[in-house]
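Peer 1: Counting from 1 along the sequence shown, just add 334 to a position and that's the residue number in the working numbering. Each residue gets a CB set at the ideal place from its N, CA and C atoms; glycine is no exception. Computed from a predicted structure; not experimentally measured.
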Amino acid sequence: MLLHCLILLCSIISGRLTPSRPCTDLLPLDLLQRVLPAGGGVQGRVRMVQSQGSRGVAFAGPPNRLSFPAAQLFTHCHSFPAEFSIVLTLKIPRLLRNKDEYIFTLLRGKSDQLLVGMRLSYDKLHFLQQTQGTTRRVTFRAVGVADGHWHTLVLAVTGRYAILTLDCNAPLELQMEKPFPEDLDTKGSTFFIGSRRRWNGLFSGLMRQLVLWPGSDASTRLCPASDPRLSVLLVPQVLLYLSIKPPANQLPLYPYEAEVRISLRTPPICGSTEEGQLWLSPLQRALYLCDGIMWITVLHEKERLDYLEDHQDVFTSSETFDVEVFHIPFQGIFIATANRDSSLGSAIYRWTNGRFEQYQNIRTYNAQAWKFFTVGNKSFLVVANSRAASPGEREFSVIYKWSERKLRFVAYQMLHTYSARDWEAFHIHHEAFLAVANHRQGEMNHNIDSVIYKWNPNTKMFEVNQTIATSGAYDWEFFTIGPYYFLVVANTFNGKSTDINSAIYIWTGGSFQTLQLITTFGAVDWEMFQIGGRVFLAVANSQQLDDAGSVLYTINSTIYELNITSQRFVKFQDITTSSALDWEFFTVGDDKFLVVANSYDGKSYSLNSVVYRWQGYEGFVPVHSVRTNGCRDWEFFRSADSSYLVSSSARTAFSKVLKLKTY
335 MLLHCLILLC SIISGRLTPS RPCTDLLPLD LLQRVLPAGG GVQGRVRMVQ SQGSRGVAFA
395 GPPNRLSFPA AQLFTHCHSF PAEFSIVLTL KIPRLLRNKD EYIFTLLRGK SDQLLVGMRL
455 SYDKLHFLQQ TQGTTRRVTF RAVGVADGHW HTLVLAVTGR YAILTLDCNA PLELQMEKPF
515 PEDLDTKGST FFIGSRRRWN GLFSGLMRQL VLWPGSDAST RLCPASDPRL SVLLVPQVLL
575 YLSIKPPANQ LPLYPYEAEV RISLRTPPIC GSTEEGQLWL SPLQRALYLC DGIMWITVLH
635 EKERLDYLED HQDVFTSSET FDVEVFHIPF QGIFIATANR DSSLGSAIYR WTNGRFEQYQ
695 NIRTYNAQAW KFFTVGNKSF LVVANSRAAS PGEREFSVIY KWSERKLRFV AYQMLHTYSA
755 RDWEAFHIHH EAFLAVANHR QGEMNHNIDS VIYKWNPNTK MFEVNQTIAT SGAYDWEFFT
815 IGPYYFLVVA NTFNGKSTDI NSAIYIWTGG SFQTLQLITT FGAVDWEMFQ IGGRVFLAVA
875 NSQQLDDAGS VLYTINSTIY ELNITSQRFV KFQDITTSSA LDWEFFTVGD DKFLVVANSY
935 DGKSYSLNSV VYRWQGYEGF VPVHSVRTNG CRDWEFFRSA DSSYLVSSSA RTAFSKVLKL
995 KTY
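(1) Is M778 buried or exposed, if buried means 16 or more other CB atoms sit within 10 Å of its CB?
(2) Quick one: what does DSSP say V566 is sitting in, helix, strand or coil?
(3) How long is the line joining the alpha carbons of K830 and D880, rounded to whole angstroms?
(4) Determine the burial state of K990: buried for a count of at least 16 other Cβ atoms within 10 Å of its Cβ, exposed for fewer.
(5) Looking only at its own chain, which residues have a Cβ that is under 8 Å from the Cβ of E729, when we skip the five neighbours before and after it?
(6) Going by DSSP, name the residue or residues bridged to S680.
(7) Can you give the Cα-Cα distance for A837 and S977, rounded to whole angstroms?
(8) Short of 7 Å in beta carbon distance, which residues of its chain neighbour V477, apart from the five on each side in sequence? Order them along the chain.
(9) Could you name the residues that DSSP lists as bridge partners for C965?
(10) How far does the beta strand (DSSP E) with S419 in it reach, from first residue to last?
(11) I'd like to know if the region 535-544 and the region 407-416 are in contact, where contact means that at least 3 CB-CB pairs between them fall below 8 Å.
(12) Under 8 Å between the Cβ atoms of F655 and R428?
(13) Which partner residues does Y951 have in the DSSP bridge list?
(14) Less than 8 Å between C-beta atoms, sequence neighbours within five positions excluded: which residues of the same chain meet that for N583?
(15) Would you check if the distance between the CB atom of W484 and the CB atom of L363 is smaller than 8 Å?
(16) The alpha helix (DSSP H) with R471 in it runs from where to where?
(17) Which same chain residues, not among the five before or five after D446, have their C-beta less than 8 Å away from its C-beta?
(18) With a threshold of 16 other CB atoms inside 10 Å of the CB of P663, please say whether the residue is buried or exposed.
(19) Between which residues of its own chain and L518 is the CB-CB distance below 7 Å, once the five residues before and five after are set aside?
(20) Which of the three DSSP states, helix, strand or coil, is assigned to L556?
(21) Would you mind working out which of F514, T848 and T486 sits nearest G467, comparing C-alpha positions?
(22) Give me, in chain order, the residues of the same chain whose beta-carbon lies closer than 7 Å to that of V569; leave out the 5 immediate sequence neighbours on both sides.
(23) In the DSSP assignment, find the alpha helix (DSSP H) that holds L573 and state where it starts and stops.
(24) As a quick exercise: from E609, H773, N772 and V709, pick the residue whose alpha carbon is nearest that of A759.
(25) Where does R399 fall in DSSP's three states?
(26) How would you call A807, buried or exposed, if buried means at least 16 neighbouring beta carbons within 10 angstroms?
(27) Can you check which of these residues, L487, Y436 and R470, is closest to I420 by C-alpha distance?
(28) T899: which of V491, D809, V785 and R868 sits nearest, CA to CA?
(29) With DSSP collapsed to three states, give me the class of V479.
(30) Can you tell me where the beta strand (DSSP E) with C624 in it begins and where it stops?
(31) Of all the alpha helix (DSSP H) runs that stay within the bounds of the region 775-808, which reach a length of 4 or more residues?
(32) Which one of T814, Q800 and V566 has the shortest CA to CA distance from F846?
(33) Going by CA-CA distance only, name the one from D644, I786 and P791 that's closest to T804.
(34) Which residues does DSSP list as the beta-bridge partners of F870?
(35) If you draw a straight line from the C-alpha of R985 to the C-alpha of E691, how long is it?
(36) For H634, list the residues DSSP reports as bridge partners.
So, in structure tokens, the structure goes:
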């Protein structure tokens, strides 16, 4: 009896002297990892999907299999941490307004009583908790994560406050009605990942990271980040790296897949929410990838160009100087024609049932070119007007914005230009720019500045960022090589001669600086393209006018290749052309092509424009001739069923669409 009392007394004293252990070790706890299959073959409850370059988990159910006892986490005591963070990385498509989906729940025993949980609805995130026997909800509004892109959220809870940080942006803080309880008992409770035990409300997106971190605001560990949408605290290893290829007679333990659509003829919708998805077309024997705007060919049975076939004459209001092909998500393929006649304007055509049909007419003033571009999720068209609305007035080119409500382009911003010939749109470090080629001021002054505009996200307008001295500028071409950004201008005329320098500029220190000068002859167009690891620039020389006034139209246009050693473009090939006004590069299967717009030989505008094929060591060789009349522009595009070339004419009021017949 005495011995028993001594043992009891020692245990009491030991309990008083030994500090109580916390419910956790205050380390990040990977909730997602605990519902992934752990050996023993393929499990049907989860699927691993690769989307937009990252892998996540899709839950297939049943929901009761996507669970684990809370006792696996809370091993030293049964109280949920009073202060904690939930770190979540997800990708989910748009949700219906009346639909809710659960991120996770902690339920009492075998009942439906909720202790803690997170729920996602159309544009809201709800944090659910039990306080004094009542389930309370804290709602963060205007949380735009259901948009088909990856996002990382950190929800930190401390006392009365819930703080949400989305993609490392400014945190949003809400005060709860009651402080989070310090003694929330989890004994006998169960975590359900992606559900509330039922099929109704099962998470339908991809989950990459779900971490409970007791006693810490995890946002300080994740932010700032180089890619805040995919910030990593504790991602399951199987989602970070490609798994090792298993033996031929075994299936991988963690199979993963890409989002895929299968269609025989009509392409599925390709928009921002479908970015990263694959489309398999058995009829075309091809696999395509959605880049958020259009379907890009990933795999295709090798085609070879056989011949060009007349497909459609697109009748225009007047002669056409330029054709711009573009795609608007959910709307399809369009072309915009830059027409000469100011009284009739220019038109936009939509590809419908394999043909272009007029869709919208816009008032323009001797339009020379169109350029389609995007800023964020907004679509724009800018026209290069070369004349003023009335004699003696200032000249303005106009940016038009696509209206999702009207399904039309509406005037957005006017920019003062000088006989504008071309616009180029590009992005540098996620900032949007526009460059205009100002051709001349008045009738005589060709030596003027062209302008580069930069998008101001505060005013949502383009503002002057830099001016560059040009001589009769006709075209800008933007391109990138590795981490470097370039602009090349086609200078046409300096007031005396067309035998002048065009310039290549490189982006450095927040502006473009001259990198190289190239002698050109009435340069009207530059086309940059790559073949393998080789980089080329092709110039369209239109005419050679010397100081004596003699003019040659049949002259060489030149292809230049980047010499990595000298970091200069050097002459690769001369091609004889007749007042060339445009080059267009395109591919068919493994073959590479250039087509030139021959417009005038000094006697006639009715000439052959020529298609050249890449022959490696031989360079480009002619393979097809197309009869054109004052050809001004060529554009290549692909539809769901075939590939096409469209040409414009500066002499006749129609453009031609040619179908590429392959075998």
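Peer 2: Looking at the atomic coordinates:
(1) exposed
(2) It is coil, neither helix nor strand.
(3) 7 Å
(4) buried
(5) Y699, N719, S720, R721, A722, H750, T751, Y752, S753 and A754
(6) I696
(7) Using only the alpha carbons, I get a separation of about 33 Å.
(8) D457, K458, L459 and L500
(9) S983
(10) F418 to K425
(11) They do not touch, by the three-pair rule.
(12) In this structure, R428 does not lie closer than 8 Å to F655 by Cβ.
(13) According to DSSP, which records beta bridges pairwise, Y951 is partnered with nothing at all.
(14) Because N583 sits at a pLDDT of 46, beneath the cut-off of 50, its placement in the model cannot be relied upon, and the point is left open.
(15) no
(16) Note, R471: premise wrong, no alpha helix (DSSP H); beta strand (DSSP E) at T468 to F474.
(17) R530 and R531
(18) buried
(19) S413, F414, L449 and Q464
(20) In the displayed model, L556 falls within a helix according to three-state DSSP.
(21) F514
(22) R542 and Q543
(23) Q571 to L574
(24) Minimum Cα distance to A759 is reached at V709.
(25) helix
(26) buried
(27) L487
(28) R868
(29) coil
(30) Taken as a continuous stretch (DSSP letters only), the beta strand (DSSP E) holding C624 covers A620 to C624.
(31) none
(32) Among T814, Q800 and V566, the Cα nearest to that of F846 is on Q800.
(33) I786
(34) F863 and E895
(35) 22 Å
(36) Assignment of beta-bridge partners to H634 by DSSP yields A620.
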